[in-house]
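A.B. asks: Mind looking over this structure? Questions follow.
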Amino acid sequence: MSLTNDNNPRVEVTMIFAGYEDPMAAAVEWAQSIATSRGIDPSKDQVVFIRELRRAEPSLSLKSAVYLAQMTARAYRTEGNTDGTGIKSLLDTDRNIP
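Last residue of the sequence shown: 98 (full-length UniProt numbering), numbering continuous.
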């Protein structure tokens with residue numbers, strides 16, 4: 001068993017989800033469903049999220065699971081704001097600014 005994995009994680013994830021028209025979108029959607037079903041915030045609970053991804057899909061290498069977790073966290077962050085940048089502006093908040 002090798003502790004390092006020289007394979008490209010994007011290629012590995014694409015191979016695992018090869019049966020879908022857009023494998024990366026399917027992988028991120030699947031990962032989001034794992035996060036939702038287990039009550040995990042992908043952008044805050046990264047280690048737990050990576051562990052749960054690998055439990056749900058044992059063929060994911062650690063490197064690929066980290067990559068997929070990062071992609072999912074990025075998608076998760078951009079869903080909550082209006083411009084899709086992943087950056088919440090003051091206009092996106094409900095707080096009053098003094």
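Backbone N, C-alpha and C fix where the C-beta goes; we use that ideal spot for every residue, glycine too. The structure displayed is predicted, hence computed values, not measured ones.
Please state the DSSP three-state secondary structure of Ile40.
C.D. replies: In the sequence shown, counting from the first residue as 1, residue 40 sits at position 40. The answer is coil: DSSP assigns Ile40 none of H, G, I, E or B.
A.B. asks: Whole angstroms is fine: what's the gap from Lys44's alpha carbon to Ser64's?
C.D. replies: Translated into positions along the sequence shown, residue 44 becomes position 44. Translated into positions along the sequence shown, residue 64 becomes position 64. Each residue's alpha carbon lies about 18 Å from the other.
A.B. asks: Between the Cα of Gly39 and the Cα atoms of Glu52, Glu29 and Val13, which residue gives the shortest distance?
C.D. replies: For the purposes of this step, residue 39 is identified with residue 39 of the sequence shown, where counting begins at 1. With distances taken between Cα atoms, Gly39 lies closest to Glu52.
A.B. asks: Tell me the rounded alpha-carbon separation between Gln46 and Gln70.
C.D. replies: Within the sequence shown, the letter at position 46 stands for residue 46. Within the sequence shown, the letter at position 70 stands for residue 70. Computed Cα separation, rounded: 8 Å.
A.B. asks: Give the DSSP-derived three-state secondary structure of Tyr20 in the structure shown.
C.D. replies: The residue you call residue 20 lines up with position 20 of the sequence shown. Three-state result, Tyr20: coil.
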